[in-house]
DNA sequence: TGACAAATAAGAGCTAATCCTATTTAGTAG
DNA sequence: CTACTAAATAGGATTAGCTCTTATTTGTCA
Ligand SMILES: [Mn+2]
Ligand SMILES: [Mn+2]
Ligand SMILES: [Zn+2]
Ligand SMILES: [Zn+2]
C-alpha cells in the first residue's frame, strides 16, 4: 500500500503539519513532532502504547499520557484519525490518503487497501439535512490468510 | 427505521433464537433470553451497562458480567453484532436486517439508516484469496442535527 | 429423577485511558 | 537577548470497562 516516501514528501508533510498546528493555536513541541513522525512512519495502525514505545527511542522521558493526548489532538486537527472497528484499544492512522481497511477478527491486524469506487460513495438523499457527514468509511472484517489457514487445519 | 413489531414476528424471532442456541450447544437460560429480548427491543445500540440496566427490571439479580458475556455470545452465534466505530465502549445491535449506521462524534448517538446500494458492495478483486471477508460495512460519522445546531450557534 | 456439563453471581483483578498537579517550555512582546 | 505567560508535559493516582476466578445453581438429557 504505502510506497517508500521521498525526503521531499516528508518535508512537505512536516510543513503541512506545522501549519496545521499553528492554525489551531498549538505549540510545535518535540513530543508532538515525534508522535506525528512515528505515526506517519508506519502502516501498522498502532495503539497509543505502541506509538509510545516507538517515540521513546527519540525522547526517552516521554509519558504515555502525552502520547495518548497527542494522538487525540492529531485526530482533532485532522492530521491523523482513529481507525474504525469493533476492537477494544484505540488504533491510529497517519495516512490521510484515500484508502480503506480490512481487519482480521482473530489476530487484530489491520491492512490497508484501496478500491477507488469506495472513495466517494454518495450519501443517501434521506440523510441530507438530517446529518452533517464528516467521514465515510467502507470497512471489511474477516480472517487474514495466516489466521484462515490456522483455523481450517 | 424499525417498525413496530407484531407479536408473531417476535415469536418467530424467539424460535430462531432458541434454534440458534441449541444448534450451538448453548442452554436457553432466563438470563440469555432476557438479554436477547432487551437487545432486539431497542434501536439505541446500547452498551453492556445499558443492557444490564434494562434486564435488571426482569431479573433483579443478574450480574453485569453475565450481560457482557451473553452479549459476546450472541455476537458469536450470529444473533447480534457489535457496532463498528471508533468509540471506547462496545455497543451492540440486535437488528439483523441489512442496514447501516451513522454515528454522531459529539453525542455518540448511533442512528440506523438503510441505503440499498450499500447492502452488497462488491469486494475488490485484489483482496480475493488474500482475505476471507466475513462482514462488509459502510459507516458514516459526523454531527447529528442537534449537535450541529449547538456547535454552529 | 438423577447426573453432569454449562452457566451464573459476586467479587477480585486487570488494563487502557483519563485526571491531577507541580514543573517545564514554546511563543511572543519588549 | 530577556522576561513573561499560557500551553504542554511527566509522573503518579484514579477511573472505567471489561475479564477472570471460584463456589453455587441450573438446564438438559438419559
Ligand atoms: Mn490505514
Ligand atoms: Mn443498527
Ligand atoms: Zn489474522
Ligand atoms: Zn449528536
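Residue numbers (the numbering used here), protein chains in the order written: chain P, 22 to 174; chain B, 22 to 174. Every residue, glycine too, gets a C-beta built ideally from N, C-alpha and C. From a predicted model like this one, the values you see are computed outputs, not experimental measurements.
Is any heavy atom of ligand 4 found at a distance shorter than 6 Å from the C-beta of residue i?
i                      : result
residue 130 of chain P : no
residue 168 of chain B : yes
residue 42 of chain P  : no
residue 165 of chain P : no
Nearest to residue i by alpha carbon, out of the options?
i                      : options                    : result
residue 64 of chain B  : B:116, B:150, B:166        : B:116
residue 101 of chain P : P:144, P:70, P:66          : P:66
residue 77 of chain B  : B:168, B:94, B:31, B:59    : B:59
residue 155 of chain B : B:164, B:142, B:163        : B:142
residue 39 of chain P  : P:149, P:95, P:85          : P:95
residue 46 of chain P  : P:98, P:70, P:61, P:113    : P:98
residue 69 of chain B  : B:29, B:114, B:28          : B:114
residue 149 of chain B : P:53, P:164, P:74, P:147   : P:164
residue 157 of chain B : P:169, P:105, P:171, P:168 : P:105
residue 118 of chain B : B:28, B:36, B:61           : B:61
Should residue i be listed as close to ligand 3, given that the test is whether its C-beta is under 6 Å from any heavy atom?
i                      : result
residue 127 of chain P : yes
If the criterion is Cβ atoms closer than 7 Å, does the pair residue i and residue j meet it?
i                      : j                      : result
residue 103 of chain P : residue 110 of chain P : no
residue 166 of chain P : residue 151 of chain B : yes
residue 93 of chain P  : residue 123 of chain P : no
residue 159 of chain P : residue 139 of chain P : yes
residue 80 of chain P  : residue 55 of chain P  : yes
residue 145 of chain P : residue 120 of chain B : no
residue 33 of chain B  : residue 42 of chain B  : no
residue 83 of chain P  : residue 52 of chain P  : yes
Relative to ligand 1, is the shortest distance from any of its heavy atoms to the C-beta of residue i smaller than 6 Å?
i                      : result
residue 64 of chain B  : no
residue 133 of chain P : yes
Should residue i be counted as a contact of ligand 2 given a C-beta to heavy atom distance under 6 Å?
i                      : result
residue 116 of chain B : yes
Less than 6 Å between the CB of residue i and some heavy atom of ligand 5, yes or no?
i                     : result
residue 50 of chain B : Among the ligands in the structure shown, ligand 5 does not appear; only ligand 1, ligand 2, ligand 3 and ligand 4 can be found there.
_Touching by the beta-carbon criterion (3+ pairs, under 8 Å), the segment 123-135 of chain B and the segment 78-93 of chain B_ = no
*asked:* Can you pull out the residues from the segment 53-83 of chain P whose beta carbon lies closer than 9 Å to at least one beta carbon of chain B?
replied: Taking 9 Å as the Cβ-Cβ cut-off against chain B, none of the residues of the segment 53-83 of chain P qualify.
*With 9 Å as the C-beta to C-beta threshold (strictly closer), list the residues of the segment 155-171 of chain B near chain P in chain order.*
Interface annotation for the segment 155-171 of chain B against chain P: 155, 156, 157, 158, 159, 160, 161, 162, 163, 164, 165, 166, 168, 169, criterion Cβ-Cβ distance under 9 Å.
*Residues, ordered as in the chain, of the segment 104-137 of chain P that lie near chain B by beta-carbon distance below 8 Å*: 104, 105, 106, 107, 109, 111, 123, 125, 126, 132, 134, 136
*What residues from the segment 34-51 of chain P come within 7 Å of chain B, judged by C-beta to C-beta, listed N to C?*
none
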